[in-house]
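Mapped onto UniProt numbering, the consecutive letters of the sequence shown carry residue numbers 1 to 205. All C-beta atoms in this analysis are idealised placements derived from N, C-alpha and C, irrespective of residue type, glycine included. Treat the numbers as computed from the prediction; the structure is a model and nothing was measured.
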Amino acid sequence: MIRGEGSRAPVPGPNAPEKAPQRPRAAGKPRASREGAKARPARNGFSAAAILGFSAALITLILDQATKLYTLFVYDLPLKEPVEFAPFINLIVVWNRGISYGLFQQDGDLGRWVLIVVSILASIGLSIWIRRTGAKLLATSLGLIVGGAIGNVIDRLAYGAVFDFIQFHVGDWSWYVFNVADAAIVAGVIGLLYDSFVLEARRGR
């Protein structure tokens with residue numbers, strides 16, 4: 001009897017199939033579940049551009065309403081106007097029944113409600129655009145327009161007209177009287193045009 005013979009592994013015969021070495025299974029979750037976790041934020045979450053756009057809309061809305069409420073009810077501008085805020089800026093009270101910068105003035109409730117409905121529908125459409133776009137400047141510009149439009153809609157619902165109080169002037173020449181919402185809308189339109197005519201062309205190359 002040969003010592004240790006019983007502990008030897010059997011030697012495979014010449015016709016025995018060879019088994020491929022098995023790779024150890026990686027610890028952790030199954031592959032399918034890991035892929036699903038990565039795909040879920042893309043389907044249900046917001047992109048970085050959308051977050052910028054909606055943040056711009058919210059900040060614009062807050063700044064617009066805060067400055068209007070403070071100027072009207074805390075500073076009491078209607079009793080103090082005109083106020084020289086800076087060499088080229090006066091604070092006065094103007095109730096605008098049209099769109100931004102006093103354009104397309106509307107008389108009566110019908111025109112006011114038409115502007116309210118149009119502004120709300122436009123804000124919804126632009127918000128959907130923000131949700132779908134991946135361009136950060138485009139989303140931010142759209143957010144500025146949405147925030148400004150909603151700010152002016154709140155004025156029309158609360159007061160029947162938009163409260164404008166910032167007057168830019170040079171000597172005897174005076175520009176339109178506007179508010180924070182109007183300024184944000186103009187900035188948003190400029191950014192939208194820049195993205196459409198400059199950045200979009202670069203992205204298409």
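Where Ala149 is concerned, the enclosing alpha helix (DSSP H) starts and stops at Lys136 to Tyr159.
Contact annotation, Gly188 with Ser141: C-beta distance approximately 4 Å; criterion of less than 8 Å satisfied. Residue nearest to Val94 within the set Asp172, Arg202 and Val162 is Val162 (criterion: CA-CA distance).
Note on the region 59-116: whole alpha helix (DSSP H) runs with a minimum of 4 residues are 77-80, in chain order. Secondary-structure assignment with DSSP links Val162 through a beta bridge to Asn96. With distances taken between CA atoms, Arg203 lies nearest to Ala135 out of Gly45, Ala122, Ala135 and Arg97. In this structure, Leu52 sits near Gly143, with a CB-CB distance shorter than 9 Å.
Around the CB of Phe46, fewer than 16 other CB atoms lie within 10 Å, so the residue is classed as exposed. A straight line joining the alpha-carbon of Ala57 with that of Val170 spans about 31 Å. Shown here for Phe168: same chain residues with a beta carbon closer than 7 Å to its own, the five before and five after excluded, namely Phe88, Ile89 and Trp175 in chain order.
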